[in-house]
Amino acid sequence: MSASRYLRGIGAHASVDADPLVQGAFILSIAGAEQSHVDIADPTHVFYAYLRRMANVVDAVRPAGTPLHALHLGAGALTLARYIEATRPGSVQTAVELERELVDFVLEQLPLPAGTDLALHLGDARWELPAAAGRGPYDVIALDIFSGPEAPAHIAHPDFYAEAAALLAEDGAMLVNIGDDPPLTLVRSQVAAMRGVFREVAALSEPDMFTARFPGNIVAIGLPGPWPDAWKTALPAAGPHPTLLVRGMDLDPLAG
1 MSASRYLRGI GAHASVDADP LVQGAFILSI AGAEQSHVDI ADPTHVFYAY
51 LRRMANVVDA VRPAGTPLHA LHLGAGALTL ARYIEATRPG SVQTAVELER
101 ELVDFVLEQL PLPAGTDLAL HLGDARWELP AAAGRGPYDV IALDIFSGPE
151 APAHIAHPDF YAEAAALLAE DGAMLVNIGD DPPLTLVRSQ VAAMRGVFRE
201 VAALSEPDMF TARFPGNIVA IGLPGPWPDA WKTALPAAGP HPTLLVRGMD
251 LDPLAG
């Protein structure tokens, strides 16, 4: 299967193509760059390493089989939402996406599984937080819109994290995917901003990413409550391997 649509809002083509290596999986690309990978045949299969790490934190927050409340800021192909529905049927989910045409295209080509309880808000990730509050408090808030220095200033801001944190359950977690290039200027600013809001902040990625010499993705974790001791070993062990968890004083070099 291959389908394409021109997105007038961003002035680029989006395409959904069958993954030639994984039967039943599809790749969403925008302007020729891969954005999302969805395994329709097995939504528990999360292909991208950063998103697998986010899914592992979801698993740590609530065990499989336990429905949860999740807020996705930046919808993409809704890979994480599909994972949550597959592992925790009955979960209450909300997604915010700026590009209406992208959402329409994705859901037309890759429909959500029947029974998925997902409310969709079209608009800016920050300005839609009040509208999303009614389905909270949230066990997980996942932010996946950052890619390099062009990150929206009003979202890459401590006030945004404070507003999002107010929607979290006391034992919930905010997950922030940060795509960045050396010297990881965006990562540093976001870790510093999150530290000003959350009681605990940590980061997950390949060990090499923490040298600030390579481009890639770091997943930042913000907790309003105490750090669960079991996560220290559980999150790195969950992979993808190798995965390094950095928190506390070890995170200071990436905090601004």
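Per this note's numbering, the sequence shown starts with residue 1, numbered consecutively.
All C-beta atoms in this analysis are idealised placements derived from N, C-alpha and C, irrespective of residue type, glycine included.
Predicted, not measured: the structure shown is a model, and the values here were computed from it.
query                                                                                                              : result
Nearest-angstrom Cα separation, counted from residue 247 out to residue 241                                        : 18 Å
In chain order, each alpha helix (DSSP H) run of at least 4 residues that lies wholly inside the region 152-239    : 158-165, 185-195, 231-238
Cα-Cα separation between residue 176 and residue 124, rounded to whole angstroms                                   : 16 Å
Nearest to residue 180 (by Cα), restricted to the options 151, 198, 159                                            : 151
Residue from 221, 13, 45, 47 whose Cα sits closest to the Cα of residue 139                                        : 221
Segment limits, alpha helix (DSSP H) that includes residue 53                                                      : 49-61
Sequence-distant residues of the same chain with beta carbon closer than 7 Å to residue 48, five excluded per side : 37
Bridge partner(s) assigned by DSSP for residue 138                                                                 : 168
Rounded C-alpha distance that separates residue 232 from residue 87                                                : 23 Å
Cβ contact (3+ pairs, closer than 8 Å) linking the region 88-99 and the region 62-71                               : yes
Backbone secondary structure at residue 16 - three-state DSSP                                                      : strand
Residue 191 to residue 173 span [Cα, whole Å]                                                                      : 14 Å
Per DSSP, cross-strand counterpart(s) of residue 45                                                                : Note: residue 45 sits in no beta bridge, so no partner.
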